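These protein sequences, in sequence, are chains A and B. Residues 8 to 591 in our numbering are what the first sequence lists, from first letter to last. Residues 8 to 591 in our numbering are what the second sequence lists, from first letter to last.
There are 2 protein chains.
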Amino acid sequence: MYRSHTCGELRESHIGQEVTLAGWVQKTRDKGFMIWVDLRDRYGITQLIFDEERTSTALIKKAQGLGREFVIQVKGKVIERESKNDNLFTGGIEILVTELEILNSSLTPPFTIEDQTDGGEDVRMKYRYLDIRRNPVRNNLMFRHKVSMEVRKYLSDQGFIDVETPYLIKSTPEGARDFVVPSRMNAGQFYALPQSPQTFKQLLMVGGMDKYFQLVKCFRDEDLRADRQPEFTQIDCEMAFVEQEDILQVFEGLTRHLLKEVNGIEVKKFPRMTYDEAMCAYGNDKPDIRFGMKFKELNDLTKHRDFKVFNDAELVVGIVIPGGAAYTRKEIDALIDWVKRPQVGALGMVYIRCNDDGTFKSSVDKFYDQDDLYQIANATEAKIGDLICILSGEKNKVRAQLSALRMEVATRMGLRKPDEFAPLWVVDFPLLEWDDETQRYHAMHHPFTSPKPGQLELLDTNPGDVKANAYDLVLNGNEIGGGSIRIHDRRTQEKMFDYLGFTPEQAKAQFGFLMDAFQYGAPPHGGLAFGLDRLVAILGGQETIRDFIAFPKNNAGRDVMIDAPATIDETQLKELSIKLDFKP
Amino acid sequence: MYRSHTCGELRESHIGQEVTLAGWVQKTRDKGFMIWVDLRDRYGITQLIFDEERTSTALIKKAQGLGREFVIQVKGKVIERESKNDNLFTGGIEILVTELEILNSSLTPPFTIEDQTDGGEDVRMKYRYLDIRRNPVRNNLMFRHKVSMEVRKYLSDQGFIDVETPYLIKSTPEGARDFVVPSRMNAGQFYALPQSPQTFKQLLMVGGMDKYFQLVKCFRDEDLRADRQPEFTQIDCEMAFVEQEDILQVFEGLTRHLLKEVNGIEVKKFPRMTYDEAMCAYGNDKPDIRFGMKFKELNDLTKHRDFKVFNDAELVVGIVIPGGAAYTRKEIDALIDWVKRPQVGALGMVYIRCNDDGTFKSSVDKFYDQDDLYQIANATEAKIGDLICILSGEKNKVRAQLSALRMEVATRMGLRKPDEFAPLWVVDFPLLEWDDETQRYHAMHHPFTSPKPGQLELLDTNPGDVKANAYDLVLNGNEIGGGSIRIHDRRTQEKMFDYLGFTPEQAKAQFGFLMDAFQYGAPPHGGLAFGLDRLVAILGGQETIRDFIAFPKNNAGRDVMIDAPATIDETQLKELSIKLDFKP
Numbered sequence: 008m009y010r011s012h013t014c015g016e017l018r019e020s021h022i023g024q025e026v027t028l029a030g031w032v033q034k035t036r037d038k039g040f041m042i043w044v045d046l047r048d049r050y051g052i053t054q055l056i057f058d059e060e061r062t063s064t065a066l067i068k069k070a071q072g073l074g075r076e077f078v079i080q081v082k083g084k085v086i087e088r089e090s091k092n093d094n095l096f097t098g099g100i101e102i103l104v105t106e107l108e109i110l111n112s113s114l115t116p117p118f119t120i121e122d123q124t125d126g127g128e129d130v131r132m133k134y135r136y137l138d139i140r141r142n143p144v145r146n147n148l149m150f151r152h153k154v155s156m157e158v159r160k161y162l163s164d165q166g167f168i169d170v171e172t173p174y175l176i177k178s179t180p181e182g183a184r185d186f187v188v189p190s191r192m193n194a195g196q197f198y199a200l201p202q203s204p205q206t207f208k209q210l211l212m213v214g215g216m217d218k219y220f221q222l223v224k225c226f227r228d229e230d231l232r233a234d235r236q237p238e239f240t241q242i243d244c245e246m247a248f249v250e251q252e253d254i255l256q257v258f259e260g261l262t263r264h265l266l267k268e269v270n271g272i273e274v275k276k277f278p279r280m281t282y283d284e285a286m287c288a289y290g291n292d293k294p295d296i297r298f299g300m301k302f303k304e305l306n307d308l309t310k311h312r313d314f315k316v317f318n319d320a321e322l323v324v325g326i327v328i329p330g331g332a333a334y335t336r337k338e339i340d341a342l343i344d345w346v347k348r349p350q351v352g353a354l355g356m357v358y359i360r361c362n363d364d365g366t367f368k369s370s371v372d373k374f375y376d377q378d379d380l381y382q383i384a385n386a387t388e389a390k391i392g393d394l395i396c397i398l399s400g401e402k403n404k405v406r407a408q409l410s411a412l413r414m415e416v417a418t419r420m421g422l423r424k425p426d427e428f429a430p431l432w433v434v435d436f437p438l439l440e441w442d443d444e445t446q447r448y449h450a451m452h453h454p455f456t457s458p459k460p461g462q463l464e465l466l467d468t469n470p471g472d473v474k475a476n477a478y479d480l481v482l483n484g485n486e487i488g489g490g491s492i493r494i495h496d497r498r499t500q501e502k503m504f505d506y507l508g509f510t511p512e513q514a515k516a517q518f519g520f521l522m523d524a525f526q527y528g529a530p531p532h533g534g535l536a537f538g539l540d541r542l543v544a545i546l547g548g549q550e551t552i553r554d555f556i557a558f559p560k561n562n563a564g565r566d567v568m569i570d571a572p573a574t575i576d577e578t579q580l581k582e583l584s585i586k587l588d589f590k591p
Numbered sequence: 008m009y010r011s012h013t014c015g016e017l018r019e020s021h022i023g024q025e026v027t028l029a030g031w032v033q034k035t036r037d038k039g040f041m042i043w044v045d046l047r048d049r050y051g052i053t054q055l056i057f058d059e060e061r062t063s064t065a066l067i068k069k070a071q072g073l074g075r076e077f078v079i080q081v082k083g084k085v086i087e088r089e090s091k092n093d094n095l096f097t098g099g100i101e102i103l104v105t106e107l108e109i110l111n112s113s114l115t116p117p118f119t120i121e122d123q124t125d126g127g128e129d130v131r132m133k134y135r136y137l138d139i140r141r142n143p144v145r146n147n148l149m150f151r152h153k154v155s156m157e158v159r160k161y162l163s164d165q166g167f168i169d170v171e172t173p174y175l176i177k178s179t180p181e182g183a184r185d186f187v188v189p190s191r192m193n194a195g196q197f198y199a200l201p202q203s204p205q206t207f208k209q210l211l212m213v214g215g216m217d218k219y220f221q222l223v224k225c226f227r228d229e230d231l232r233a234d235r236q237p238e239f240t241q242i243d244c245e246m247a248f249v250e251q252e253d254i255l256q257v258f259e260g261l262t263r264h265l266l267k268e269v270n271g272i273e274v275k276k277f278p279r280m281t282y283d284e285a286m287c288a289y290g291n292d293k294p295d296i297r298f299g300m301k302f303k304e305l306n307d308l309t310k311h312r313d314f315k316v317f318n319d320a321e322l323v324v325g326i327v328i329p330g331g332a333a334y335t336r337k338e339i340d341a342l343i344d345w346v347k348r349p350q351v352g353a354l355g356m357v358y359i360r361c362n363d364d365g366t367f368k369s370s371v372d373k374f375y376d377q378d379d380l381y382q383i384a385n386a387t388e389a390k391i392g393d394l395i396c397i398l399s400g401e402k403n404k405v406r407a408q409l410s411a412l413r414m415e416v417a418t419r420m421g422l423r424k425p426d427e428f429a430p431l432w433v434v435d436f437p438l439l440e441w442d443d444e445t446q447r448y449h450a451m452h453h454p455f456t457s458p459k460p461g462q463l464e465l466l467d468t469n470p471g472d473v474k475a476n477a478y479d480l481v482l483n484g485n486e487i488g489g490g491s492i493r494i495h496d497r498r499t500q501e502k503m504f505d506y507l508g509f510t511p512e513q514a515k516a517q518f519g520f521l522m523d524a525f526q527y528g529a530p531p532h533g534g535l536a537f538g539l540d541r542l543v544a545i546l547g548g549q550e551t552i553r554d555f556i557a558f559p560k561n562n563a564g565r566d567v568m569i570d571a572p573a574t575i576d577e578t579q580l581k582e583l584s585i586k587l588d589f590k591p
């Protein structure tokens, strides 16, 4: 036993006790006749004191040799502190040290182990084990632990069974790229790491498990965008004998439980919005509804004049920036430049200032008179002092652009408060989504999603209109989870594969086991998966998932601490019956 | 909502209520004028009734069309059952059905969905989703869930933090073979799947996480012996500022908690035994101590005669089979044949019958007189009616052989009771183990295990004698967990790598990050890992781990249900910068 107490434990009630502590040297203050050492562990900081009058010279000398991050063990007596520190739980006491053992020394760390460190991202990732010593990182990991425990507790209490599904499965070309694992015992063959346990959880429903959950690592070999990880954790769930409503109830309950237990916030019934409504009002299927600035479509009010830009546009749509009329010309120009950046891609922006005197000043005064502008202000519910921003163009593009503008303005105005939580269900997603690249429809969710009853027939005539029993849970503008009611009969599943361009042979080779299973009494079922990394980050009031992962990878998919991936031995390659095929 | 109640829920107190149930048709009994259907779900079985007097002809006709494993939904009234079934919780009631909907039909399953099924292992694995519908399999998975939840609860309550470590790490040639994952973004490089999160959990200790746990999948690409899986689950733990005793206390507590919560059994303090004692008394480092039959070494009592077999042997050692004198000559010969099987490998077996009249009859009467035999009987504490079995030869081999015999005899005698639990700590494992194949010492546990204080110096002179702070938890003759106090200073770790045959360059390339970490204030630390699959199986009173895994692989590492591993596309190979290198 290296310690009788932790560094966060001692209080004034312990005064007089002999204790043993162990931990890291956070800092030392040496006044010559007196030395104070802040001793740190996961639980807190306790002040140690060595002084001329009460401490041996040898011990003082030893204490003077202590450097930052040395690991030490001390014995001593808890005494009252002369000048108390109300910022520390242990601030009322200090330890008068009688014995000091250096358990391990430390080189000077490459960055300071402080809440605000001087270390940049790269060096902190390389020395992640030192970064984890910092309160913000450690607290994030402990927060994640708490969320995971609460998720498991809630779902288990609701009768869900945690079933582990396999990691070494089969590659399927549908969806994102798989990571694959060459099989030594089956030369020329490969396992794949799961992008999700989708088919296995459906098989568990066929197997009568009724309610399943798992916190499970999933893998996607995609080119990493900012804040994506090749391995990520999912709260994966599935239920049998349910309709969409049953699933929404359970996972609204889970989310409400987390907000309450983890954040201490009571949230009422979550609002719901259809996908079409969300796209129309926010240009986005994961709207942040902590603030307004809803879209107003203006085709009717803008196409009667000679303004070609609007007249040629599929959609003319605006938002109102409250108080935005006060923006200077320069500020407005900056906003226009912002929407014209390639990342947003608008060709321009029309604005209308709602002046204090009730008149309007717009960038299109040449084309629209005051009454036209009044009509627009009226439709968008803009008030005196507001600024109306209008974009136009191809519907999907202009919605995405205006949505980006809306989020940017809200961020600048401080409307995206990290301690405010606005969950939202978005329902009735389309079954299919058009892919420009391959020039055909893909499953928007995945090929196992069930179309809404009676809509299967639309596939042949209006595929883009077919709605699915698919839903997303959105929190503060982030999709934290999504799911669907699944297909559970072989005929529909075959039809879906056929529609998605699988030959019967391909469908059988890749998903034959699932379609076979559907023939042996598959119950109606559906489910949902939450992205744990993002959920935890948002509940923690942050948006960067990397800060909630102990050992994250960088944007090139590398772990810079252990320096992986790396080359492997020729023998290993030979055993796996593969060889390298590239020119370095 | 497909149901108002589950099939395990209704009791006599519900009589008169209108209910809706959904589930699978377990069986139907059709008497023409009356039809009973057993409706099954995860929660139980409820009897449905259709009869001429109270049910419409159309409905009866529909019920007559129901086959085994059809999925149906029924509405009806809970009524009292005429002949009650005390074997079912729902046996006091039945449902008089008024509406019946067939949610899905079923082909005739390839084996019966009964506790005792007619399906062989192969067909059950191929249709694992049907196998899971059977009570024994489903109960095993639910039992596993319960154990996992209790493990997490206990450790979390003790202040352990669940931290997820990465799955895409770096290959290290030490130990078993790694599964590797080619990196698309880093051509020619590979990730490896972890054999355990060993280095990461040590880094978490360096990072001040203090107490870590994780239920985590681990991967080993080994030739699969019976009941080994290429992917398996570990309860992985690590603690800082601890000595061996602290770790034993915590995990003895965990195991005691599980035995109590899961099995309802209170176990007192676990006995402890050194590795040397275990090898000496049981020939085995994971002895089953539910029964006796300890080894007695007999070199002193057997080497004074002209019996060359014993005189040439490094070790002569015996066990006593209680009541074994009653074995017929044929039975004893069968036992001798059993130890001579290649799997055991003994060259022969000497036996001594302790006759009822106090005399002895042995297979070596030519060499040993009655007094010699008496001395042996005395030393082994054999009683009248017992049989002494003696093996001889090279120490390690003969111990393994006699241990196999001891276990076999105990199994035959019914001494290995599945509902009896005898945990045991085996401590003081050797640091190194001689490997005949490579003709050098290997780390017995792993290269991070710390030698006992002051024993590092023995490495140069008596490497085989160096003991480590390493320990195993044994339950009923199975190693369910093991761990050690780790090295936490760079110098010792370097020395250890050097001793194990790493060049400094190799050590740096593979574990440089860990040795770097040790320079920045690594605390003393240690830990342990339990094999969850085996732990669950043993707590469940069984020994086959496959029965506690939802989707296990077979001995060739294949998932026969999804048919993995499988070939992948040429495009995928190309993207990964690898090609196949074998002749099919």
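C-beta atoms are modelled at their ideal positions from N, C-alpha and C, and glycine is treated no differently. In this text the structure is predicted, and so the values were computed from the model without any measurement.
Pick from the options that is closest to residue i, judged by C-alpha positions
{"i": "Val371(B)", "options": "Ile383(B), Ala573(B), Ile569(B)", "result": "Ile383(B)"}
{"i": "Leu308(B)", "options": "Leu380(B), Val44(B), Asn469(B)", "result": "Leu380(B)"}
{"i": "Asp37(B)", "options": "Gly30(B), Pro454(B), Asp45(B)", "result": "Asp45(B)"}
{"i": "Phe298(A)", "options": "Met503(A), Leu95(A), Gly484(A)", "result": "Gly484(A)"}
{"i": "Arg141(A)", "options": "Tyr50(A), Asp253(A), Glu440(A)", "result": "Tyr50(A)"}
Burial state of residue i (16 or more Cβ within 10 Å)
{"i": "Phe302(A)", "result": "buried"}
{"i": "Phe77(A)", "result": "buried"}
{"i": "Met216(A)", "result": "buried"}
{"i": "Gln173(A)", "result": "Inspection of the sequence shows that residue 173(A) is occupied by Pro rather than by Gln. So Pro173(A) ends up on the buried side."}
{"i": "Gln196(B)", "result": "buried"}
{"i": "Leu107(B)", "result": "buried"}
DSSP-derived helix/strand/coil call for residue i
{"i": "Tyr527(B)", "result": "strand"}
{"i": "Gln54(A)", "result": "strand"}
{"i": "Arg497(A)", "result": "helix"}
{"i": "Lys218(B)", "result": "strand"}
{"i": "Ile254(B)", "result": "helix"}
{"i": "Ser155(A)", "result": "helix"}
{"i": "Tyr134(A)", "result": "coil"}
Contact list for residue i against chain B, beta-carbon separation under 9 Å
{"i": "Gln579(A)", "result": "Ser178, Pro180, Arg184, Asp185, Val187, Phe197"}
Residues near residue i in its chain [Cβ-Cβ closer than 6 Å; skip 5 each side]
{"i": "Phe258(B)", "result": "Leu535"}
{"i": "Glu321(B)", "result": "Glu401, Lys402"}
Other residues of its chain near residue i: CB distance less than 7 Å, five sequence neighbours each side excluded
{"i": "Leu255(A)", "result": "Trp432, Tyr478"}
{"i": "Ser593(A)", "result": "A query on residue 593(A) cannot be resolved here, the shown segment of chain A reaching from 8 to 591 and no further."}
Chain B contact residues for residue i, given Cβ-Cβ distances below 8 Å
{"i": "Phe520(A)", "result": "Met568, Ile569, Asp570"}
7 Å Cβ cut-off: residues of chain A touching residue i
{"i": "Gly528(B)", "result": "Trp31, Glu76, Phe77, Val78, Asn111, Ser113"}
Chain D contact residues for residue i, given Cβ-Cβ distances below 9 Å
{"i": "Glu444(A)", "result": "Annotation note: the requested chain D is absent from the structure, which comprises protein chains A and B."}
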